[in-house]
Amino acid sequence: MYQTIALFLTVFFEFLLALAFAFVYGESKRKAEYAPIQEKGYKIRTYWFFGLIGVMGIATVLTLDELPYHGSHAEATTTAETKVVDVVGIQYNWEMSEESFKVGDKVEFVVTAKDVTHGFGLYTEDLELVAQTQAMPEYKNSVYFTFTEPGTYKILCLEYCSIGHHVMVKEITVQP
Amino acid sequence: MEASGNPLVRRGVIWYLMTTSLVLILMMAFGVIMLLNQGNLINITPEWFYKIMTAHGIGMVGVAALGGTAIMWYFLSKYLKINPVIFLINFTCSIIGVILILIAIFAYDFSDAWTFLYPLPFQSTKAYGVLGALLFLFGVLILGVGYLIMYFYLAGRLIKEYGGLGKSLGWDYIFRGKKGYGPPPAVVATTMVIITNSTAIIAGAIVIIGSILNIINPAITMDPMLAKHLTYAFGHIFCNATIYMAVIAVYEVLAKYTSRPWKSNKAFLIAWNASTLFTLMIYTHHLLMDFAVPTWMLIIGQVFSYANGLPVMVVTAYGALMIVYRSGIKWDFASSLLFLSMFGWVAGAIPAIIDATIVVNHVMHNTKWVPGHFHTYMGMGVIAMILGFMYYFNKTEGSMKHSRIDTFSISLFFTFFVGIVGSFLYAGSISVPRRWAEHMPEWVLSDQVGALSGVFVVLATILMTIRFFACLKNVERPS
Ligand code: HEM
Ligand SMILES: [Cu+2]
Ligand SMILES: [Cu+2]
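If you're matching them up, the sequences are chains A and B in order.
Quick note on numbering: this note's numbering labels position 51 of the first sequence as 51, and the sequence is numbered without any gaps.
Each number in this note's numbering comes from the position in the second sequence (counting from 1) with 176 added on.
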């Protein structure tokens, strides 16, 4: 979902940006005194500045209350017990204490690595990335996910870990 | 004709730009090879893919830095007496560094990416021996030392001339209410880059020396998280510094072409001070998926990454639009590339800022979205600034004139660079991971679009480079 929003917003803002540049280019052939342009330009700039601050402020408020770092959000949405699954990345394999799940399972993946840093990326059957965290030696990162759809999910490595990086894939199943 | 006076500076700039343009073409070809392989159009081994990826990454960053330095030195030398020998020492260090790096990659199979994330280089020595990793790390270290020498020298000159780096950043005007305009934009930008990039290189040197010691004696270890902080403090700031050096060309050239002043007023100075501070703070947005980092640090990463968009959007890019608006500017290769480069910079900042949002980063970090945004502000931003400067230099120091072929190659470059970054961003939005030698069937279409676009970008760059070289002879014999 966030991917689509990101793409849409990027295209939208870049379109506006291109319009602004095209407009100024179109006006560039005429010649006028600079001082009045500057005076007006600085006025518009004040609005532009506060407009940007406003947009960024709203985005900050909207996005900072559901951070993926803690289980609290996952806990609030379901009453089931959290399943704790240990995940260890090692060139080029994922070792997991459990590999099959049921729809409705709320899972805490406790992720680490043995040799070098890897990236734990959880992909749905249609290859959409739905959660990730880094798998770093000596550190444990917990990432939470509640399975709502059955299917064959994949764990893809998302941190470059040498020449087998792209074969570091593991399938896990989620039963209905 | 307004020649830069010192013939050694002119010579140096020529060497920098010749190296930059030739290496750029080679590295672009490497980029196309990667896309052809990901798009299943050719077939190279993963070993080769990752070697090429490592070379492309460090090579492109090196190219952007060399070109940016040439711009900074060329314009700074108009305001400040600086010794061109230092300029050439930095060049020599870069060349030695690049040669060591290329030997490491292509003769000793180093392929741990230009970010050499600890402890990967050590792990790889088990398969490939220690020589590749050591040559690579020493190469990067020497390259960094060259820059450090240059920055320290420039810091010394600025302190002598302005009475301190705070003064050359305009603190008198911001905090003490001094009236009028601050130091020339080239001086302000140079000060910002000295502060941020020296910090970056020192962070980089620490983690590189740590990695070297670890390879020589595995009993010496580092904390992998600390190493990652240092690595990204280095990589993030070093890449950003290339833009802040290259943008000096935009200030100088657009002001000259429009005959309008682009001076450092208070808003300008505040913007550059904010950039200095934010650039040092926001590398943590590379660690948003390291949940073990304290959350407050990561929230700073998000909030200040947003804020870091403000100086460019509100002051630099806006200033470029304002200075061009109804100026009767003459559009030629230099002015149009530099104008377009401001578009490229902001266009890249937008998806970058979106990705610095933690909840977005959670599903887009290390996907192709990331190369998508940095190719926008590096390729259509920094590289466009450097190409624009190449023309400007040839025109000002020699007798180059705009021709139709330049309009053609500039259009070709920008049209198809949009194709490359569009294909990357699209791939990111369908969750394609970055740095994968082989792609799943669902993903290859975007790679093929990218590869085709890449071919035309290479073509455009070759055309511009041929023009650059062909006209250089008039610079050698100043009229
Ligand atoms: C013809 C133009 C170019 C093409 C076709 C191209 C292509 C690519 C490709 C395919 C990748 C790997 C993507 C992946 O992770 O799957 C890549 C990575 C990269 N490119 Fe480019 N690129 C081009 C120009 C540039 C420019 C102009 C710069 C910077 C000035 C640049 C800097 C980088 C960097 C830093 C990486 C990251 C390497 C890594 O992940 O270790 N590229 N490029
Ligand atoms: Cu891995
Ligand atoms: Cu990996």
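All residues carry an ideal CB built from backbone N, CA and C; glycine is no exception.
- Put simply, the CB of D86 of chain A is far from chain B, with every gap to its CB atoms at 8 Å or more.
- Between L639 of chain B and S585 of chain B, the CB-CB gap stays under 8 Å.
- For the pair M556 of chain B and G520 of chain B, the CB atoms are nearer than the 8 Å cut-off.
- With contacts defined by Cβ atoms closer than 8 Å, G524 of chain B and Y553 of chain B form a contacting pair.
- Annotation: the region 540-565 of chain B contains the following complete segments of the alpha helix (DSSP H) (minimum length 4 residues), in chain order: 545-553.
- Between the alpha carbons of V426 of chain B and F351 of chain B lies a gap of roughly 27 Å.
- A contact between stretches requires three or more CB pairs, one per stretch, nearer than 8 Å, and the region 103-119 of chain A fails this requirement with the region 45-64 of chain A.
- Chain-order list of chain B residues neighbouring N141 of chain A: M465, D466, F467, A468, by C-beta distance under 9 Å.
- Per DSSP, I218 of chain B lies in no alpha helix (DSSP H) and is assigned neither H nor E.
- The set of residues whose C-beta lies within less than 6 Å of a heavy atom of ligand 3 reads, in chain order, A:H118, A:C157, A:E159, A:Y160, A:C161, A:H165, A:M168.
- For E14 of chain A, the secondary structure class from DSSP, reduced to helix, strand or coil, is helix.
- Residue state for Q134 of chain A is assigned as strand, using DSSP reduced to three classes.
- Taking 8 Å as the CB threshold, V116 of chain A lines the interface with chain B.
- V536, H538, V539, M540, H541, N542, T543, W545: these are the residues of the region 536-547 of chain B whose beta carbon lies less than 8 Å from some beta carbon of chain A, given in chain order.
- For W438 of chain B, no alpha helix (DSSP H) encloses it, and the DSSP letter there is neither H nor E.
- Taking a C-beta cut-off of 9 Å against chain A, the contacting residues of the region 610-624 of chain B are R610, R611, W612, A613, E614, H615, M616, E618, W619, listed in chain order.
- Look at the beta carbons and you see the region 187-206 of chain B not touching the region 585-600 of chain B: under three pairs across the two are nearer than 8 Å.
- At a threshold of 7 Å, T291 of chain B counts as near ligand 1, since its beta carbon sits closer than that to one of the ligand's heavy atoms.
- The region 378-395 of chain B makes no contact with the region 471-485 of chain B: fewer than 3 CB pairs, one atom from each, lie closer than 8 Å.
- Not one heavy atom of ligand 1 falls within 7 Å of the beta-carbon of H549 of chain B.
- Pairwise C-beta distances place the region 198-217 of chain B out of contact with the region 276-293 of chain B, as fewer than three of them are shorter than 8 Å.
- Secondary structure at K140 of chain A: coil, using DSSP grouped into helix, strand and coil.
- About 7 Å separates the beta carbons of V169 of chain A and I155 of chain A, which is inside the 8 Å limit, making them a contact pair.
- With contacts defined by Cβ atoms closer than 8 Å, V110 of chain A and F101 of chain A do not form a contacting pair.
- If you ignore the 5 residues before and after Q478 of chain B, its C-beta comes within less than 8 Å of the C-beta of H461, L464, A532, T533, I534, all in its own chain and listed in chain order.
- Nearest CB-CB separation between A523 of chain B and chain A: below the 8 Å threshold.
- Under DSSP, A113 of chain A forms a beta bridge with A:G89, A:P137.
- Under the Cβ criterion (8 Å, minimum of three pairs), the region 235-250 of chain B counts as touching the region 413-431 of chain B.
- Apart from sequence neighbours up to five positions away, the residues of its chain that approach F632 of chain B with a beta-carbon distance below 7 Å are L588, F592, ordered along the chain.
- With a threshold of 7 Å, the Cβ atom of M204 of chain B counts as near ligand 1, since some heavy atom of the ligand is closer than that.
- Contact residues of the region 129-140 of chain A toward chain B are L129, V130, A131, Q132, T133, Q134, M136, P137, E138, Y139, K140 (C-beta to C-beta distance below 9 Å).
- Taken through DSSP and simplified to helix, strand or coil, S97 of chain A comes out as coil.
- In chain order, I262, I265, N266, C269 place their CB closer than 8 Å to the CB of I325 of chain B, counting only its own chain and leaving out the 5 sequence neighbours on each side.
- Annotated as distal: A403 of chain B and I370 of chain B, with beta-carbon spacing of 8 Å or more.
- Comparing alpha carbon positions, the residue from A:M1, A:P36, A:G41, A:E81 closest to V491 of chain B is A:G41.
- Between ligand 1 and H232 of chain B, a heavy atom-to-CB distance of less than 7 Å is present.
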